[in-house]
Amino acid sequence: MKQRVQTYIEGFDELLKGGVPEGHIVLICGGPGTFKSSITLNLLSKQVKKHGKKALYVSLEESKESLEATAEGLGIDKWDEQNFLVADVSKIRLEQTEAGKARNWMKIVEKYISRRVEDGFEFVALDSMSALYSLMEFDNPRRNLFQFFGFLRKMGINVFLITESHEEGGRYGKYGEDFLSDGIIYLKYHNVSETEIQLWMRCVKMRQVNHTKNYYALLHEDGRFQIARVISER
-16 MKQRVQTYIE GFDELLKGGV PEGHIVLICG GPGTFKSSIT LNLLSKQVKK
34 HGKKALYVSL EESKESLEAT AEGLGIDKWD EQNFLVADVS KIRLEQTEAG
84 KARNWMKIVE KYISRRVEDG FEFVALDSMS ALYSLMEFDN PRRNLFQFFG
134 FLRKMGINVF LITESHEEGG RYGKYGEDFL SDGIIYLKYH NVSETEIQLW
184 MRCVKMRQVN HTKNYYALLH EDGRFQIARV ISER
């Protein structure tokens, strides 16, 4: 059995029999404000601090300063920047837009990740796939994405791909990335009453793990993430 990567969401790791299998490519998806970036930042920072791993967080939208503020608000300890690298490419994105130059951003991201893997980085998060798509003009989206996933698998690393998506017709990706991925973690807000809203999460799929696909409430308290049974609908 493969070693497990803990998500550091109490109760959720137990559902996954210890966590995400090593070497998996996992989609972290949901609507705006559903803590996609937050749980990913928490996961990576814990792998660095508790297990001495090296992690790369590639942001195509938020600045490094914004992500650091998010982490501080969640009670995530300030990370060692040598081992937890937040790559803020928003400035590069702005420069290229202003210059009016067409760039193959998927290849730029691949090249950057490849270099960091050579430096010993074992964990990579990309935030977000939706932003990457907005920068690209695909000639064949499914083929391009298949090649990108092939590149990530070849790296032999743990990958977390954040994407904006809504559960529609059982699909969680725009170009079939939900089929290419090894796992899907989906988050959404749900009205449990006229005055109360809960943040729900579920594991849609996780290859090599026998798991429940039920929804659970995602809670954050005292710097810790945990899940609880959802309030029953009446």
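Numbering follows the numbering used here, in which position 52 of the sequence shown is assigned residue number 35; successive positions increment by one, without gaps. Just so you know, even glycine gets a beta-carbon here, dropped at the ideal spot from N, CA and C.
Contact under 9 Å by Cβ, residue i with residue j
i       : j      : result
ILE180  : HIS173 : yes
GLU160  : MET112 : yes
HIS203  : LEU57  : yes
ILE145  : CYS12  : yes
LEU50   : ASP71  : yes
GLY(-6) : LYS171 : no
ASP110  : VAL175 : no
Contact belief for residue i with residue j at Cβ below 8 Å, rounded distance in angstroms
i      : j     : result
VAL107 : ILE96 : 6 Å
GLU105 : LYS37 : 6 Å
ARG99  : LEU68 : 7 Å
ALA114 : GLU44 : 5 Å
Close-in-space but distant-in-sequence residues of the same chain around residue i (CB under 8 Å, 5 per side omitted)
i       : result
GLU93   : PHE131 and PHE134
TYR198  : HIS173, TRP183, MET184, ARG185 and VAL213
ARG190  : PRO4, HIS7, ASP165 and GLY166
ASP60   : SER28 and LYS32
LEU(-1) : ARG(-13), THR(-10), CYS186, MET189, VAL192 and HIS194
GLY103  : LYS37
THR23   : ILE11, TYR40, ALA108, ASP110, PHE143 and ILE145
Neighbourhood of residue i by C-beta distance below 7 Å, restricted to the same chain and skipping five residues each side
i       : result
TYR(-9) : ASN25, LEU26, LYS29 and PHE208
LYS137  : none
TYR155  : LEU10, CYS12, SER148, ASP161, ILE167, TYR169 and VAL187
GLY83   : Its pLDDT being 45, under 50, GLY83 is placed unreliably in this model, and the value from its coordinates should be taken loosely. Counting only Cβ-Cβ distances below 7 Å, and skipping sequence neighbours, we find nothing.
TYR116  : LYS157
From the options, residue whose alpha carbon lies closest to that of residue i
i        : options                           : result
VAL(-12) : GLY35, ASP60, ARG99 and PRO124    : GLY35
GLY139   : GLU101, ASP(-4), LEU118 and SER20 : GLU101
GLY153   : LYS196, GLY206 and LEU201         : LYS196
Close beta carbons around residue i, own chain, < 6 Å, minus the five adjacent residues each side
i      : result
PRO124 : TYR158
Contact with chain C by residue i, beta-carbon distance below 9 Å
i     : result
LEU10 : Within the model displayed, chain C is absent; a lone protein chain is all it includes.
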